[in-house]
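Read through the structure below, which is laid out as structure tokens, and then see the notes.
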Amino acid sequence: MKASNFSCLITAGPTREYLDPVRFFSNASSGKMGYGLATAALKRGWAVDLVSGPVCLAPPSGVSLYRVVTAAEMERVCRQLFVKCDLLIMCAAVADYRPAATEDRKIKKKADALEIRMEPTADILKALASEKQNQVCVGFAAETDHLEAHARRKLKEKKLDWIVANDVSRLDSGMESEMNKVMIFSRKGQSHAFGPAPKLDVAEFILRTITGAG
Ligand code: C5P
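To convert, note that position 154 of the sequence shown is 460 in the numbering used here; the numbers rise steadily by one, no gaps.
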């Protein structure tokens, strides 16, 4: 992969799926890994579109930042940007489910149990990878068990070029941590491991690996 003048699309952080105006389903993603990837890509002189869910991080200078909240918004923005990118890295922890209905008013507390029907969100990465022209598509797999098996299955099912697997059951790496420990697998059968290391170093390793400069 020739990596000069690259245009890259990176997603980061969680999404929020609202139940009512004040309550939502989300996850513990801090966005640090995605923002680290954006920083590492900018350092290489690449143009970077960063599509970010709600996080408490300052955007790296030089990035084109698109703030989104829900998975549906992330999908809409990514679709627009995907056509002109060379590399997609879907690092965001997109919610897999959202409430089937969002109430306009705050749901009142009652004594009975509250049942919430959830429906699946669109799999953004799978949809984009199935429509790709020449883009390199990289996914993340956050797993608590059978890391390698789940990651390899997702690589195949989502028709990706690379997948980065991280063990989110560990306290010293993963979602809210400053550090990460990853394994990266390619469609062609390559595999590499890195870390535990600061997320910016992990980001550099990922870019080195997927550009073939590892
Ligand atoms: O299947 P799973 O959610 O574990 O896949 C994780 C990968 O898929 C990540 O790269 C994530 O950004 C992406 N994803 C997505 N749309 C979803 C769920 C996950 O693009 N609705």
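Virtual Cβ for every residue (Gly too), placed ideally from N, Cα, C. Keep in mind the model is a prediction, meaning the values are calculated, not measured.
Contacts around residue i, its chain only, beta-carbon distance under 7 Å, and the 5 residues preceding and following it disregarded
| i | result |
| --- | --- |
| A334 | M481 and E482 |
| E381 | A428 and I430 |
| R458 | F491 |
Helix, strand or coil at residue i according to DSSP, with G and I counted as helix
| i | result |
| --- | --- |
| F491 | strand |
| C384 | helix |
| G319 | coil |
| D473 | strand |
| E510 | helix |
| A428 | coil |
| I395 | strand |
| S436 | helix |
heavy atom of the ligand C5P below 6 Å from residue i C-beta
| i | result |
| --- | --- |
| L431 | yes |
| G445 | yes |
| A499 | no |
| T427 | yes |
| V488 | no |
| V400 | yes |
| M481 | no |
| M339 | no |
| M396 | yes |
DSSP bridge partner residues for residue i (one or two, in chain order)
| i | result |
| --- | --- |
| V357 | T317 and Y372 |
| N300 | Coverage of the chain is limited to positions 307 through 520, which leaves residue 300 absent and any answer about it impossible. |
| A448 | N472 |
| R404 | E425 |
| D326 | R329 |
| H498 | I490 |
Cβ-Cβ separation, residue j to residue i (assumed contact under 8 Å), whole Å
| i | j | result |
| --- | --- | --- |
| A377 | R404 | 7 Å |
Residues of its chain near residue i, where Cβ-Cβ distance is below 8 Å and the 5 sequence neighbours each way are ignored
| i | result |
| --- | --- |
| V444 | L393, L394, I395, M396, L466, D467, W468, I469, V470, I512 and I516 |
| C314 | A347, W352, A353, V354, D355, C391, D392, L393, L394 and I395 |
| D451 | S475 |
| L325 | F331, P405, T408, E409, I413 and I422 |
is_contact[residue i, chain D] using C-beta, thresh 7 Å
| i | result |
| --- | --- |
| R385 | This model lacks chain D altogether; it includes just one protein chain. |
Nonlocal neighbours in the same chain, by C-beta distance under 6 Å from residue i, ignoring five residues either side
| i | result |
| --- | --- |
| H498 | I490 and T515 |
| A344 | I316, V354, L356, P366 and V369 |
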